[in-house]
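Chemist: Following this message is one structure expressed as structure tokens.
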Amino acid sequence: MQQTPAKPTFIECVQQHSTIELCYVYFLLKTLFDISLCKCKDFLICKCKIKVPVAERAFLTDQRTSRKMLIGGIDIKATKMLHKRLKRKEEDTERREKSSTCKLIRTK
Numbered sequence: 469m470q471q472t473p474a475k476p477t478f479i480e481c482v483q484q485h486s487t488i489e490l491c492y493v494y495f496l497l498k499t500l501f502d503i504s505l506c507k508c509k510d511f512l513i514c515k516c517k518i519k520v521p522v523a524e525r526a527f528l529t530d531q532r533t534s535r536k537m538l539i540g541g542i543d544i545k546a547t548k549m550l551h552k553r554l555k556r557k558e559e560d561t562e563r564r565e566k567s568s569t570c571k572l573i574r575t576k
């Protein structure tokens, strides 16, 4: 089994290429542009107000470390679940609005 070579550090890059700018750009491109509000490394002890959804934790952890996972196509199962949840929410809102208007009519 072949081992993959270790990624060079910034200092090793500068020593090999002699240009700080080139190495700086290389390391900027290799780092993750992390837009997640939760910066916790351990999600089990996270105290953030807005938490990372359970379904996304493995991907986010991978992107912060080895970056082997890729974003694929549309997840049909997850999309169907989201549509059903949204539909139930809309129906519930309509039902609540309807029941509140009925209560107003009865009190007269």
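Numbering (my numbering), first residue to last: 469 to 576.
Glycine residues also receive a C-beta, built at the ideal position from the N, C-alpha and C atoms.
Predicted model only: the values in this text are computed from it and were never measured.
Is the separation between the beta-carbon of E538 and that of S504 shorter than 9 Å?
Modeler: Correcting the residue identity first, residue 538 is Leu in this sequence and not Glu. No. Outside cutoff.
Chemist: What's the call for T516, buried or exposed, on a 16-neighbour Cβ count within 10 Å?
Modeler: Contrary to the premise, residue 516 reads as Cys rather than Thr in this sequence. Per the 10 Å Cβ criterion, exposed.
Chemist: Taking V520 as the reference, give the member of C506, L512, S567 and D530 with the closest Cα.
Modeler: Taking only the C-alpha atoms, the option nearest V520 is C506.
Chemist: Distance, Cα to Cα, R556 vs S567?
Modeler: About 16 Å.
Chemist: Where does S567 fall in DSSP's three states?
Modeler: Correct three-state label for S567: helix.
Chemist: Taking C-beta to C-beta, are R532 and F511 nearer than 9 Å?
Modeler: The answer is no: Cβ separation not under 9 Å.
Chemist: How long is the line joining the alpha carbons of I518 and Q484, rounded to whole angstroms?
Modeler: Between I518 and Q484, the C-alpha separation is close to 43 Å.
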